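Going down the list, the protein sequences come from chains A and B. The opening position of the first sequence corresponds to residue 1 in the numbering used here, with each subsequent residue numbered one higher. The opening position of the second sequence corresponds to residue 1001 in the numbering used here, with each subsequent residue numbered one higher. Ideal placement from N, C-alpha and C gives every residue a C-beta, glycine not left out. Computed from a prediction, not measured in an experiment: that's the story for all the values here.
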Amino acid sequence: MTLSRSVNDDGTPIRRFHPKPFLILSIVLASLFAIVAIYPLLRVVLGLFNVNGAWTAAPILHMFAVKGLWQMLVNTIVVVVVSSVLALVVGAVLAWLNERTNARMGTLTDSLPLITYLVPPLAGAIGWALLLSPSAGVLNVLLRGGDPSGSGPLNIFSWPGLVFVYTLYSVPYAFIAVSNGLRNTDTSLEEQSRVSGASLGRTLWSVTIPSIRPALGGAVLLMVTQALALYSVPVIIGTGANIPTLAVEIVNLLNFSYPPHTSEAIGLTLIMVVLVVVAWVAQSRILRSGRHGTLGGRGQRFEVTTLKGWLWPARAIFLLYGLFAVLLPVFALVIVTLEGFWSATINWSTLSVNWFLKALQDPTTTKALGNSMLLGVVGATVGIIIAAIVSVLVARNRTRLTGVVDGAIKLPSVVSHIVIGVGMILAFGGPPFMLGGTVAILLIAYLVVYLAQGSVTTDAAVAQVGNELAEASSVAGAGYGRTFFRVYLPLILPAMVAGWAFLFARMAGDLTVTAILGSPSNVTMGYLIMQIFHNGSYGQLAPIAIIITVVSSVVVIAVIAISNTWSRRHTRKRPIKAGREATATVAK
Amino acid sequence: MSGTATEAASPAEVSAGRAPIVQVKGLSKRFKRESGAITAAVDDISLEVAAGEFVVLLGPSGCGKTTLLRMLAGLEVPDGGSIAIRGRTVYDAAAKVSVPTERRSISMVFQSYALWPHMTVAQNIAYPLNRSGKRLGKAEIARQVERVLELVRIPDLAQQYPNQMSGGQQQRVALARALVSGSDLVLFDEPLSNVDAQVRERLRYELLDIQRELGFAAVYVTHDQSEAMGLANRIAVMGAGRIRQIASPRETYENPVSRYVANFVGVSNEEPGTVVSLDGDVATLHTATGELQGRVTGGAVAVGDEATLVWRPEHATVSVQEPTDARFRFPARVEALLFEGAHNEVVLDVGGRRARAWAHVTAALDAGSTVWVALNPAYARVLKD
């Protein structure tokens, strides 16, 4: 058969282009966002060698001239590494107990990471300062038997205190990563080991842990990048303990010195980039070394180990973690808020909500709360929609372009948020965008920083939908847009709701990005806390921390509850267990 | 291509005058293995499917049958060759034409059913009716859905959700969804492999009824040879990315063109040897068990060539006494006796090679004893490769 290049056998013209408006829209949107995500990072790298259009090594030289640089660097590395290792141990133990033993307590232990998201690290840090400051700490006074004078026995403003609070807020990352790893590992591997006569300990060591090594590697990378960028904990605890760290110094150079020392700040972000790259290389080593036995299919049953005498000690670990991460700090915040000031003794008779209401009526607080809510709602909504569009695009359209776009969107999640904040100033703060000090630049920065974490949820949901449901839609004559709206969207909606709640909590309670990009003109709750911390008292901090905790809890719990009720009413719509995959597609 | 020897008898010729529904020419698809080596999943395949014809792609896993089917559907992009559906080019590597799946006007039944779990049975089935550009009224859609549900014999399930139903019922819904648009080409990707044996049997007969009634052309992938035998007008036996033989089920079974086909379709026994004489298409082989004779159905052989005599279990006569009236006979030792109801299957040791033959249930055979096997040369085949 000879074909002319433009005509079919029957003489009808060959159509080379089949317009798919929604596909094109998806690609354009994803590409645009990828550029927004990558451009600030490029500006940071460029900013190291180019100041005001002239090539120079000044930022790097300035960086080396920063006072106490090496001490800061050592402090940062020590606190990040030690807390990440501790958090990995705690998170992995909790995850294993929850996934593989009868210590699991249903929703209570399943939702452990979610609960800790509701208390932003900054509220936790303030809470612990209130609990364990040496003289007036509420818990210290109790430990002294109610003696309001004196000092100790514990001191949060110390190395152990700093590491302790860092660890508390790194645990959820390890818990989630290890839980996912365990869920994707076939327990028959472990059963085989037990059948072969290995003890529980040996099975854990030689089968379970090697098979979840990629998950462990991912957890370490995530914790290290998060801990590096964490600003709230080091500024509150570290400053009190006189332990300077990189994140605090960068924010100080940019936001609390006049004129701002931008070039030193950029120089210091370079160190952060280097540290992240080191963590990155370490992680890919872990991934590459050896085979790991993941994936035995979804929805499989797991063998549950019965802990007899150890059941309640195991559950006590969960309860202790909940006590330390949530209950105690929130308790301290509530007490101080109701008292109106921070005192060593609790005078129960004078507790009143007046102070709380007064804080709420303050116009700056109202404005900050309004901005934070606006950013949370708009940011989470836009973010989860982009995440869903990109997840489906990457799943359905595996080309080099979509691969690059996907990578670009996910890159910021493994780069310290401080670095991205600095990049945002360089990229959008000045001409031609002139977004410095606006709510818009915060929105863009939040999206860039948190979107990848939201797309983890949508990626997983899209993967669960599988290929055949979409292929069946194409065969039935539906184009890309119809397949997206009729097949994917209804099926990934519950995951999108969960992702939305997560993004909302993160964005509304953000302090890290805000510390760099915040200003009196785009004041948010995070910015307010930072200002009060530098200029005000703990008594004023507590109500703000409570407000942000309560508001995000209410919104997140409400959304999750509504989504659960909705999906319970539609349980029959849960995806069918997929049959075994078509054998020949394995040839890929 | 090796199929040429038998293509003369294909129904594609019988239904001459009508343009083929599917016309595949020189189609190839290569995959890169993890080791870096490149293998051809589909290797230069040409195939025509006539209107109303039922073609089964049969082969072991990894032979490229599903890849070929998915390329017809446009779910997989080939590396070379061309595909035309109803005379319209939907893929042509040279002309850089690739029509997306949704514009090929085909239907497909997936191995995993691929029913949308968030839609009712009626919504699932109505989905292909809303093809872009085609607007049907609500009443018309309901009528069509009802009609096709009757056809697949589940008229009461319209408002159910897919995971409230059994595997067999889900498969019927998948079939209904494929049939509702009235497409004249339906692709099947191992549709019955996930339902249990009894349901599979029943669904197979019903599918055949429906296909004969509606008259669509079907391309059906399976690795189950009895399914292929029962459904196909023509079976395309595939191996290593190529069609090894394409012919009617009977032709494939009786006159295989290669040992590969003979072994994949039905059970076959082999005696390797050397051709000592040739009379038309009847060849006499010298083998380890003596002189044996059969018809040449594969590539041509010459005296002196190495060739293999292939025989089916049901074409041998097994007896305790030496059958002196049979010219082609040899002794064998009984290794095992398997009772299969209508007959005994005898596992034999023929000079160190294992063979299987059927014997009458009343024959007094014992494991370990020596018996005689007589072959009828009319049914034995001589194959060169």
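Extent of the continuous alpha helix (DSSP H) to which residue i belongs
i	result
Trp1358(B)	Looking at the DSSP string, Trp1358(B) is not in any alpha helix (DSSP H); the run it does join, the beta strand (DSSP E), is 1353-1359.
Ala314(A)	311-322
Ser391(A)	363-396
Arg1212(B)	1197-1214
Thr1066(B)	1065-1073
Ser179(A)	159-183
Cβ-based burial, residue i [other Cβ within 10 Å; buried from 16]
i	result
Asp1092(B)	buried
Thr109(A)	buried
Val404(A)	exposed
Met1071(B)	buried
Met1108(B)	buried
Leu42(A)	exposed
Thr512(A)	buried
Trp1116(B)	buried
Ala463(A)	exposed
Asp459(A)	buried
Lys1138(B)	exposed
Trp348(A)	exposed
Arg506(A)	buried
Ile266(A)	buried
CA nearest to the CA of residue i, picked from the options
i	options	result
Val1382(B)	Val1275(B), Leu1136(B), Ala1364(B)	Val1275(B)
Ile546(A)	Phe324(A), Leu338(A), Leu132(A), Ala314(A)	Leu338(A)
Gly1266(B)	Val1310(B), Ala1037(B), Val1022(B)	Val1310(B)
Leu311(A)	Met63(A), Val465(A), Arg104(A)	Arg104(A)
Val1303(B)	Ala1380(B), Glu1322(B), Leu1278(B)	Leu1278(B)
Gln540(A)	Lys358(A), Val465(A), Phe433(A)	Lys358(A)
Pro1272(B)	Gly1280(B), Leu1203(B), His1343(B), Glu1291(B)	Glu1291(B)
Ser1193(B)	Ser1061(B), Lys1029(B), Thr1289(B), Gly1280(B)	Ser1061(B)
Thr1308(B)	Leu1151(B), Val1320(B), Ala1262(B)	Ala1262(B)
Thr1252(B)	Arg1242(B), Glu1322(B), Val1237(B)	Val1237(B)
Arg1086(B)	Tyr1161(B), Val1186(B), Lys1032(B), Asp1349(B)	Val1186(B)
Residues that residue i bridges to, as DSSP identifies them
i	result
Ser1277(B)	Thr1284(B)
Ile1045(B)	Leu1027(B)
Pro1272(B)	Thr1308(B)
Thr101(A)	Thr305(A)
Phe1054(B)	Ala1218(B)
Gly454(A)	None, per the DSSP bridge assignment.
Trp55(A)	Asn50(A)
Gly238(A)	DSSP lists no partner for Gly238(A).
Ile1235(B)	Val1056(B), Ala1247(B)
Trp1372(B)	Ser1319(B), Pro1331(B)
Arg1242(B)	Gly1239(B)
Run of the beta strand (DSSP E) containing residue i, from where it starts to where it stops
i	result
Ile1021(B)	Premise fails: Ile1021(B) is in no beta strand (DSSP E) and is neither H nor E.
Arg144(A)	Segment: none, Arg144(A) is in no beta strand (DSSP E) and carries neither H nor E.
Gln1293(B)	1290-1296
Ser1082(B)	1080-1085
Trp1311(B)	1306-1311
Met1108(B)	1107-1109
Tyr1091(B)	1088-1092
Trp348(A)	Neither: Trp348(A) is in no beta strand (DSSP E) and is coded neither H nor E.
Leu1383(B)	1381-1383
Leu1187(B)	1185-1189
Glu1345(B)	1344-1350
The stretch 383-398 of chain A in contact with the stretch 24-35 of chain A per 3-pair CB rule at 8 Å = yes
If we count Cβ pairs, one from each stretch, closer than 8 Å, do we get three or more for the stretch 248-262 of chain A versus the stretch 135-149 of chain A?
-> no
Sufficient close CB pairs (3 or more, under 8 Å) joining the stretch 149-156 of chain A to the stretch 60-69 of chain A | no
Does the count of Cβ pairs from the stretch 528-538 of chain A and the stretch 477-495 of chain A closer than 8 Å reach three?
-> no
Given 8 Å as the limit, is there contact between the stretch 117-128 of chain A and the stretch 325-340 of chain A, that is, 3 or more CB pairs closer than that?
-> yes
State whether the stretch 1205-1221 of chain B contacts the stretch 1084-1104 of chain B, with contact taken as three or more CB pairs (one from each stretch) at a distance under 8 Å.
-> no
Is it a yes or a no for the stretch 90-105 of chain A touching the stretch 172-180 of chain A, going by three-plus beta-carbon pairs under 8 Å?
-> yes
Does the pairing of the stretch 1074-1094 of chain B with the stretch 440-451 of chain A give three or more beta-carbon distances under 8 Å?
-> no
State whether the stretch 501-520 of chain A contacts the stretch 478-485 of chain A, with contact taken as three or more CB pairs (one from each stretch) at a distance under 8 Å.
-> no
Are the stretch 1200-1207 of chain B and the stretch 1044-1053 of chain B touching, with three or more C-beta to C-beta distances below 8 Å?
-> no
Segment contact flag, the stretch 229-244 of chain A with the stretch 43-54 of chain A, C-beta cutoff 8 Å, min 3 pairs | no
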